[in-house]
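Just below is one structure, and these are the notes that go with it.
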Amino acid sequence: MTKAELVVKIAEKANLTKANAERALNAFLETVESTLVSEGKLTLTGFGTFMVELRKARVGRNPRTGLELKIPETKVVKFRPGKILKDAVK
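The opening residue of the sequence shown carries number 9 in our numbering; numbering runs sequentially from there.
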């Protein structure tokens with residue numbers, strides 16, 4: 009599903025215009041982003057948890073040349089689904 013398709017679904021389910029649905033979705037996404045930057049974790053009870061974790065530095069390999077290279081540590085966003093979401097997907 010694309011963002012545009014998601015906006016249409018939100019507009020239909022919430023009885024909003026597409027423009028209002030897109031503004032609501034953008035506000036949600038911006039809030040998630042700013043919360044992860046400032047706090048490192050966002051829990052939506054029943055749905056899941058977004059969290060920032062540190063991936064340690066490691067040694068990788070260039071697939072073309074086979075040479076080893078150092079991959080520096082970096083922050084990554086991970087998602088762990090909640091029980092309600094897990095049950096819905098089953």
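Glycine included, every Cβ here is placed at the ideal spot set by N, Cα and C.
Query, Result
"State yes or no: is the C-beta of K91 within less than 8 Å of the C-beta of G48?", "no"
"On the three-pair Cβ rule with 8 Å, is the region 56-63 touching the region 82-89?", "yes"
"Which residue spans inside the region 24-98 form an unbroken beta strand (DSSP E) run of at least 3?", "49-52, 56-63, 66-69, 76-79, 82-89"
"Near E81, what residues of its chain come up, given a Cβ to Cβ distance below 7 Å and the 5 sequence neighbours on each side ignored?", "L62, R63, K64, A65"
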